[in-house]
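Under our numbering, think of the first position of the sequence shown as 549, with each following residue one higher. From the three backbone atoms N, C-alpha and C, an ideal C-beta is built for every residue, glycine too. Note that the coordinates shown come from a computational prediction; the quantities given were computed from them, not determined experimentally. Here the structure comes first, spelled out in structure tokens, and everything after it is commentary.
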Amino acid sequence: MPALQTLVIGAGISGMTCAHRLADAGQAVTVVDKGRRPSGRLATRTSRSGPVFDHGAQFFTARLDGFRARVQDWIARGVAAEWDARIVDLEDASATPTWRRATRYVGTPSMDALVADLCRPTTGIDGPHFGIQVSHLAPAATGHEARTEDDTAAAGRAFDRVVVAIAGAQAQTLVQTTHPAFARRLATAQTAACWAGMLAFDHRLNLDFDAAFIENTSPLSWIARNTAKPGRPAAPACWVLHAAPAWSQEHVELTTDQALSRLTEAFAATTGLTLPPPTYAAAHRWRFAHVTKPLDAPYLHDPAQGLALCGDVFCTGPRPNIEQAWRSGHELAGAILSTG
Ligand SMILES: Cc1cc2nc3c(=O)[nH]c(=O)nc-3n(C[C@H](O)[C@H](O)[C@H](O)COP(=O)(O)OP(=O)(O)OC[C@H]3O[C@@H](n4cnc5c(N)ncnc54)[C@H](O)[C@@H]3O)c2cc1C
Numbered sequence: 549m550p551a552l553q554t555l556v557i558g559a560g561i562s563g564m565t566c567a568h569r570l571a572d573a574g575q576a577v578t579v580v581d582k583g584r585r586p587s588g589r590l591a592t593r594t595s596r597s598g599p600v601f602d603h604g605a606q607f608f609t610a611r612l613d614g615f616r617a618r619v620q621d622w623i624a625r626g627v628a629a630e631w632d633a634r635i636v637d638l639e640d641a642s643a644t645p646t647w648r649r650a651t652r653y654v655g656t657p658s659m660d661a662l663v664a665d666l667c668r669p670t671t672g673i674d675g676p677h678f679g680i681q682v683s684h685l686a687p688a689a690t691g692h693e694a695r696t697e698d699d700t701a702a703a704g705r706a707f708d709r710v711v712v713a714i715a716g717a718q719a720q721t722l723v724q725t726t727h728p729a730f731a732r733r734l735a736t737a738q739t740a741a742c743w744a745g746m747l748a749f750d751h752r753l754n755l756d757f758d759a760a761f762i763e764n765t766s767p768l769s770w771i772a773r774n775t776a777k778p779g780r781p782a783a784p785a786c787w788v789l790h791a792a793p794a795w796s797q798e799h800v801e802l803t804t805d806q807a808l809s810r811l812t813e814a815f816a817a818t819t820g821l822t823l824p825p826p827t828y829a830a831a832h833r834w835r836f837a838h839v840t841k842p843l844d845a846p847y848l849h850d851p852a853q854g855l856a857l858c859g860d861v862f863c864t865g866p867r868p869n870i871e872q873a874w875r876s877g878h879e880l881a882g883a884i885l886s887t888g
């Protein structure tokens, strides 16, 4: 019997993890992604003038056994490293920071290295093919066709099975017509945006920590000296600023210039610094950044319809994050393999 053909939509950590486990078991998998290169929300911006910013996910934890093994392999191959950072809880510029202790990891030399590693050419995986945005799913003689805006079939053909591995809110839209029951489940989840600011300075700022969680009324919830992470260039001093989910959602329609100016003001106010002029400054809006209300399910899978979903909206742990996205993709592949 010929192997079933699976299409994975989304080459983030969940989709690529699912694709690898299926391919390792001998299944034929094709992956498409709308982005220009591997990263998903584990993104890194590199400017020609030198600064490097992880402007999406900042770090990750490894609590699950299977994910710990994944991370140990990455560490052994130089794709990840422990980030022994001085991270504080900062209430305002005058408060005494409390040092946080936890084992945190980062991709090296940048966060996008993790997904790039999973996107290396692999036997059994066709792709990932970048620059392909699936706009709707349509039934085909066998299985589904994933069609793009100009109504051509993604990867040029139909598939027996489709795995949707994209942010929950986007997945809800995509499966609305094909699988209303899945769309209704996804509608119970909630997502928030995140405005990210990126600032580079010629000289190190006078701050005695590498990163801070900000727990006051500031627009910001997190600031980090990207330069402090292992494997990053020592100069210039690059700072990533993340606005809090509620603030980002409320201000989601700001222009990037407006957002940059608000985040920069908040950075100065929170740290109590008079900032020197930055040598690089930019802002990025993540429209579907954080899952604020996840689904209490490991994934969704309808073997009869050949449709499945994974990603960080499916959370069985303390909070939706990289580790949960990995788990969801890994467990979904296990479920698919067990149903044949
Ligand atoms: C600003 C920010 C900060 C974060 N901080 C942390 C952190 O510090 N630690 C942590 O653990 N997690 C953090 N996260 C969350 C973490 O990044 C996600 O949980 C994780 O990356 C989700 O992986 P995923 O594979 O489910 O989705 P994604 O990484 O979003 O991957 C989905 C992929 O699908 C593609 N795609 C979407 N729609 C389509 C379509 N229609 N057709 C084709 N392709 C499509 C996208 O291009 C993307 O590559 C952060 C996220 C953001 C945005």
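- For the alpha helix (DSSP H) assignment, the region 740 to 780 encloses no uninterrupted run of at least 4 residues.
- In its chain, beyond the 5 residues on either side, Leu-885 have a beta carbon closer than 6 Å to the beta carbon of Ala-573.
- Counting only the Cα atoms, Leu-612 lies some 30 Å from Val-723.
- In this structure, Val-711 sits near Ala-856, with a CB-CB distance shorter than 8 Å.
- In this structure His-677 is in contact with Ala-703, their Cβ atoms being roughly 6 Å apart against a cut-off of 8 Å.
- Beta-bridge partners of Trp-622 (DSSP): none assigned.
- One Cα belongs to Gln-853, the other to Glu-630, and the distance between them is close to 42 Å.
- At the C-beta level, His-878 and Thr-670 stay beyond 8 Å of one another.
- Classified as buried, Ala-807 has 16 or more neighbouring CB atoms from the shown chains inside 10 Å of its CB.
- Nearest neighbour of Ile-561 by Cα position, chosen from Arg-780, Leu-662 and Thr-822, turns out to be Leu-662.
- The alpha-carbon of Glu-693 is positioned some 9 Å away from that of Arg-709.
- Rounded to the nearest whole angstrom, the CA to CA distance from Asp-750 to Ser-587 is 28 Å.
- Counting every other CB atom within 10 Å of its CB across the protein chains shown gives Glu-871 a total of 16 or more, marking it as buried.
- The region 769 to 778 makes no contact with the region 821 to 838; the number of CB pairs closer than 8 Å stays below 3.
- Just so you know, the alpha carbons of Trp-622 and Phe-608 end up roughly 13 Å apart.
- Classified as buried, Thr-578 has 16 or more neighbouring CB atoms from the shown chains inside 10 Å of its CB.
- Considered as a whole, the region 644 to 724 harbours 646 to 648, 653 to 655, 673 to 678, 682 to 687, 692 to 696 and 709 to 712 as its complete beta strand (DSSP E) runs of no fewer than 3 residues, in chain order.
- Around Arg-780, the same chain offers Val-600, Pro-657 and Asn-774 as residues with beta carbons nearer than 7 Å, after the five sequence neighbours per side are excluded.
- For Ala-628, the CB contacts under 8 Å within the same chain, skipping 5 residues up- and downstream, are Val-619, Trp-622, Tyr-653, Val-654, Gly-655, Thr-656, Ala-661 and Leu-662 in chain order.
- Within 10 angstroms of the beta-carbon of Pro-851 lie fewer than 16 other beta-carbons, which makes it exposed.
- Setting aside the 5 residues that flank it on each side, Leu-755 is surrounded in the same chain by Arg-773, Thr-819 and Leu-821, each with a C-beta closer than 8 Å to its C-beta; the list follows chain order.
- Residue pairing by DSSP puts Leu-857 in a beta bridge opposite Val-712 and Leu-848.
- Cβ-Cβ separation between Tyr-847 and Cys-863: approximately 11 Å, too far for a contact (criterion under 8 Å).
- Burial state of Pro-784 is buried, judged by a 10 Å Cβ sphere holding 16 or more other Cβ atoms.
- In the three-state reduction of the DSSP assignment, His-832 falls in the strand class.
- Its Cα nearest to that of Pro-868, the residue Leu-843 stands out among Leu-843, Ser-595, Leu-880 and Thr-812.
- Classified as exposed, Thr-594 has fewer than 16 neighbouring CB atoms from the shown chains inside 10 Å of its CB.
- For Thr-739, the closest C-alpha among the options Ala-706, Val-839, Asp-758 and Thr-700 is that of Val-839.
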